[in-house]
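**Q** Protein chains in written order, with this note's numbering: chain A, 6 to 370; chain B, 695 to 885.
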Amino acid sequence: MTESEANQGFGAPPPLPMGAVIARLAGIGLLVVVIAGLFLYVGGWLTPHALTPAALVDTFEHINGVQSGFRRNHAKGVCVTGYFESNGQGATLSRAQVFQQGRVPVVGRFALAGGQPFAADTSHDVRSLALLFKTADGEEWRTGMINIPVFPVNKPQDFHDFLVATSPDPKTGKVDGAAVGAFLSKHPETAAALKILGSGTPTSGFSDSSYYGLNAFRFVNAKGEDTPVRWWINPDLTAAPPSVETTDKNYLFDQVIAQIHSGPLRWHLIVIVGQPGDPTAEAASMWPADRQQIDVGTVTISTVESEDTSPTRDINFDPLVLPDGIRASDDPLLSTRSAAYSQSLTRRDGERKIPSAISTAEVQK
Amino acid sequence: MATTTTSPTQFAFLLRILHWLMAACLLAMLFIGVSMVTSVGNYHQLLAIHRPLGISILILALIRLVTRLMNRTPALPPTVPPSERMIMKLSEFAMYALFIALPLIGWAMLSAGNYPIVMFGSVHLPPILAPQPMLYATLRKTHTILAYALFLAFLAHMSGVLFHTWIVRDHFLSRMLPWTVRAKGRRAGEI
Ligand code: HEM
Ligand code: HEM
Ligand code: HEM
Numbered sequence: 006m007t008e009s010e011a012n013q014g015f016g017a018p019p020p021l022p023m024g025a026v027i028a029r030l031a032g033i034g035l036l037v038v039v040i041a042g043l044f045l046y047v048g049g050w051l052t053p054h055a056l057t058p059a060a061l062v063d064t065f066e067h068i069n070g071v072q073s074g075f076r077r078n079h080a081k082g083v084c085v086t087g088y089f090e091s092n093g094q095g096a097t098l099s100r101a102q103v104f105q106q107g108r109v110p111v112v113g114r115f116a117l118a119g120g121q122p123f124a125a126d127t128s129h130d131v132r133s134l135a136l137l138f139k140t141a142d143g144e145e146w147r148t149g150m151i152n153i154p155v156f157p158v159n160k161p162q163d164f165h166d167f168l169v170a171t172s173p174d175p176k177t178g179k180v181d182g183a184a185v186g187a188f189l190s191k192h193p194e195t196a197a198a199l200k201i202l203g204s205g206t207p208t209s210g211f212s213d214s215s216y217y218g219l220n221a222f223r224f225v226n227a228k229g230e231d232t233p234v235r236w237w238i239n240p241d242l243t244a245a246p247p248s249v250e251t252t253d254k255n256y257l258f259d260q261v262i263a264q265i266h267s268g269p270l271r272w273h274l275i276v277i278v279g280q281p282g283d284p285t286a287e288a289a290s291m292w293p294a295d296r297q298q299i300d301v302g303t304v305t306i307s308t309v310e311s312e313d314t315s316p317t318r319d320i321n322f323d324p325l326v327l328p329d330g331i332r333a334s335d336d337p338l339l340s341t342r343s344a345a346y347s348q349s350l351t352r353r354d355g356e357r358k359i360p361s362a363i364s365t366a367e368v369q370k
Numbered sequence: 695m696a697t698t699t700t701s702p703t704q705f706a707f708l709l710r711i712l713h714w715l716m717a718a719c720l721l722a723m724l725f726i727g728v729s730m731v732t733s734v735g736n737y738h739q740l741l742a743i744h745r746p747l748g749i750s751i752l753i754l755a756l757i758r759l760v761t762r763l764m765n766r767t768p769a770l771p772p773t774v775p776p777s778e779r780m781i782m783k784l785s786e787f788a789m790y791a792l793f794i795a796l797p798l799i800g801w802a803m804l805s806a807g808n809y810p811i812v813m814f815g816s817v818h819l820p821p822i823l824a825p826q827p828m829l830y831a832t833l834r835k836t837h838t839i840l841a842y843a844l845f846l847a848f849l850a851h852m853s854g855v856l857f858h859t860w861i862v863r864d865h866f867l868s869r870m871l872p873w874t875v876r877a878k879g880r881r882a883g884e885i
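1) Could you check if ARG766/B is buried or exposed, using at least 16 other CB atoms within 10 Å of its CB as the buried criterion?
2) Check whether the Cβ of GLU786/B lies closer than 7 Å to any heavy atom of ligand 3, and answer yes or no.
3) What first and last residue would you give for the beta strand (DSSP E) that runs through SER307/A?
4) ARG863/B: buried (16+ other C-beta within 10 angstroms of its C-beta) or exposed?
5) Could you check whether the stretch 91-109 of chain A touches the stretch 292-306 of chain A, counting it as contact only if at least three pairs of C-beta atoms, one from each stretch, sit closer than 8 Å?
6) Looking only at its own chain, which residues have a Cβ that is under 7 Å from the Cβ of GLU8/A, when we skip the five neighbours before and after it?
7) So is the beta-carbon of ILE743/B under 7 Å away from any non-hydrogen atom of ligand 2?
8) Can you say whether ARG880/B is buried or exposed, counting buried as having 16 or more other CB atoms within 10 angstroms of its CB?
9) Looking at C-alpha atoms only, which residue of GLY210/A, PHE224/A, HIS165/A, LEU168/A is the closest neighbour of GLN280/A?
10) From which residue to which residue does the alpha helix (DSSP H) around GLY854/B run?
11) Could you list the residues in the stretch 848-869 of chain B with a C-beta less than 7 Å from some C-beta on chain A, going in chain order?
12) Can you check which of these residues, ALA806/B, THR832/B, ILE861/B, is closest to MET23/A by C-alpha distance?
13) According to DSSP, is GLY229/A helix, strand or coil?
14) Taking 8 Å as the threshold (C-beta atoms), are ALA288/A and ASN220/A in contact?
15) Can you tell which of ARG147/A, PHE167/A, ALA28/A has the C-alpha that lies nearest to the C-alpha of ILE68/A?
16) How about MET828/B: is its C-beta nearer than 8 Å to some C-beta of chain A?
17) Taking 7 Å as the cut-off, is the C-beta of ARG869/B nearer than that to any heavy atom in ligand 3?
18) Taking the straight line between their C-alpha atoms, what separation do you get for PRO161/A and SER315/A?
19) Just to confirm before moving on: does the CB-CB distance between THR285/A and LEU98/A stay below 8 Å?
20) Which bits of chain B does GLY143/A rub up against, with CB to CB less than 9 Å?
21) Given 8 Å as the limit, is there contact between the stretch 314-329 of chain A and the stretch 22-41 of chain A, that is, 3 or more CB pairs closer than that?
22) Roughly how many angstroms lie between the CA atoms of PRO269/A and ALA263/A, to the nearest whole one?
23) Under 7 Å between beta-carbons, which chain A residues line up against PRO825/B? List them in chain order, please.
24) Against PRO161/A, what residues of chain B qualify as contacts under a CB-to-CB distance less than 8 Å, listed in chain order?
25) Can you find a CB in chain B that lies within less than 8 Å of the CB of ARG77/A?
26) Hey, could you find the ends of the beta strand (DSSP E) TRP272/A is sitting in?
27) Kindly say whether LEU724/B, judged by its beta-carbon, lies nearer than 8 Å to any beta-carbon of chain A.
28) Based on DSSP bridge pairs, tell me the residues matched to THR86/A.
29) For PHE705/B, is the classification buried or exposed, using 16 other Cβ atoms within 10 angstroms of its Cβ as the cut-off for buried?
30) Considering only C-alpha positions, which residue in the set PHE222/A, LEU61/A, TRP237/A, ARG132/A is nearest to SER209/A?
31) Please list the segments of the alpha helix (DSSP H) lying wholly inside the stretch 15-83 of chain A, counting only runs of 4 or more residues, in order along the chain.
32) So, SER307/A versus THR86/A, is the Cβ gap smaller than 8 Å?
33) Using a Cβ-Cβ distance cut-off of 8 Å, determine whether ALA366/A contacts chain B.
34) Take PRO319/A and list the residues in its own chain whose beta-carbon comes closer than 7 Å to its own, dropping the five residues that flank it on each side.
35) Take ARG331/A as the anchor and find which of LYS835/B, ILE743/B, SER868/B, SER816/B has the nearest alpha-carbon.
36) Between PRO157/A and LEU61/A, what straight-line distance do the alpha-carbon atoms span, to the nearest angstrom?
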């Protein structure tokens, strides 16, 4: 405001000439359009083909159909509880209370990878165990682990493309070998990971499987020093060869349910300590075998409950729900998982719930 | 609204400061919000800013509400016709309601979704609702709708203020400028 304008007296100064009014209106209009356009651009409306969390979850739905109320991946599962007994060995690397010596309650979920909640179990399905540790200070550590020692891909877009390439065509029911071949020729890291995965044989079931966190994280200790780490859990049971597949569609679940009923199952939680220079953004490759491995305590699973009644059904095992003392690494899959799991939770939480294949009756068998 | 000669020509100093501080924070939140939910790589880092910034806005909003209720507001100039006064009051009320409701809903939805409500480090907020999946989904949708409503209200508000300032030329903007503007020969309260 200039002095002369301010001196124009009460209320409004004489009206502007028409041309000036139009020019100024246009100025306001332009400002609105620019701000709104920027908002739309930042919100992804102008780039409909970008890879978004919603697009990833849409891809799962495209492959599996919309399975009302179920997780869009790892849809078939059963909930468990137990505890973690920390031996204190992790405390030098991380200041999180979970690594102080002591016992921490745990809730978890065994599941099979894939978005089909009613598919028959097979021995080559990827098995998972997700855990939530809740410490007395109110902090939570959530982690989802799977029974393979490397992930097939390193990058979010590659995950999407790999998922599409390896999924059966809805019309023919067959996987397009050419599409898989084309993907592998562009992704030597995937070919190498699949070679490692192909050389292993699955164990008899959930209870004698090892589960791997795969993504790298960073532990931060009380002095503020941070260390790249990965973790996995090693079962107390010795690995037995795959059991013969039966006509029981839920044989893997029934087996682990019966085992938990007859006594608790245990795993050792092992932290792999990375060295400077170890890649932290490559879930498709392992760190050198000589890296220090610290046994930080045991996870005991003692009770099992159907998703139909367990509150664990509604928990998002978001890998980035971490206590102070564990941080995300630069692995882009971590943020991607966090975003996609949130999207999956938002959809399934708002849907009608259909009873799980692993029903209350199944769990009581 | 009183139109006595003692009516202030500008909003209370604290209100003016809070207005611009919150405008900047709210616009940042709206842009962070829409970009994080469509980003795979930046989702986590943006959300880590979104939560504490949103709660800071809630605190500022409550201070602003109290300050607003405790101070006289400058009378509207005669260049604002009665019909427009109505709209102005409504939109002010709506913006207050939105920037108080939005962070509360953010907090409530994370509670209903059974998430820890992390501010920074080990500092968490307590949940304000018990975990309830359906309610989480509803609140999550409401958070989106109200955020868009706030964005539209902001566009309308800004256009209105600029219309008055640039076209009606009644020095409307100066009512909210952080520095003191002496309206020589023109007092907002005088008719
Ligand atoms: C970018 C890559 C990935 C995407 C897009 C993805 C996607 C998903 C989705 C949408 C869910 C369902 C979440 C829910 O509704 O709660 C899920 C579950 C799960 N994912 Fe992933 N995932 C990815 C990578 C991984 C990796 C690397 C691991 C293993 C380390 C993993 C392990 C799990 C486990 C264990 C669950 C089941 C958790 C539970 O039982 O609730 N995922 N994934
Ligand atoms: C003035 C305050 C706030 C504004 C303007 C705001 C705005 C937004 C916007 C625009 C979105 C994206 C919505 C969409 O496109 O679907 C969003 C999402 C979200 N906001 Fe806020 N928000 C505010 C406060 C908060 C607070 C205080 C919290 C939590 C403490 C919060 C948590 C979230 C979460 C968790 C999401 C969704 C993430 C997801 O779906 O994965 N917000 N917010
Ligand atoms: C997100 C952004 C914004 C929000 C939420 C917002 C909100 C508000 C609210 C609630 C008021 C009522 C007064 C109070 O109690 O504080 C107000 C007044 C005002 N705002 Fe904004 N504002 C925003 C952006 C802007 C911008 C960009 C401008 C400038 C173009 C502006 C100019 C004004 C002016 C001049 C007033 C005084 C109006 C009067 O005399 O009643 N505001 N604003």
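Idealized CB from N, CA, C, for every residue including glycine.
**A** Taking the coordinates as given:
1) exposed
2) yes
3) 298-310
4) buried
5) yes
6) At GLU8/A the pLDDT is 37, less than 50, meaning the model places this residue with poor confidence; the figure from the coordinates comes in the next sentence. Excluding residues within five positions, none has a Cβ falling inside 7 Å.
7) no
8) Unreliable placement is indicated for ARG880/B, whose pLDDT of 47 sits below 50; no coordinate value is reported for it.
9) PHE224/A
10) 827-856
11) LEU849, SER853, LEU856, PHE857, TRP860, ILE861, VAL862, ARG863, ASP864, HIS865, SER868
12) ILE861/B
13) coil
14) yes
15) PHE167/A
16) yes
17) yes
18) 31 Å
19) no
20) PRO810, SER816, HIS818, PRO820
21) no
22) 11 Å
23) PRO316, ASP319
24) VAL734, GLY735
25) no
26) 270-278
27) yes
28) VAL112/A, THR308/A
29) buried
30) ARG132/A
31) 23-47, 58-69
32) yes
33) no
34) Inspection of the sequence shows that residue 319/A is occupied by Asp rather than by Pro. ASP354.
35) According to the sequence provided, residue 331/A is Ile. The question's Arg does not apply to it. Of the listed residues, the one whose Cα sits closest to ILE331/A is SER816/B.
36) 16 Å
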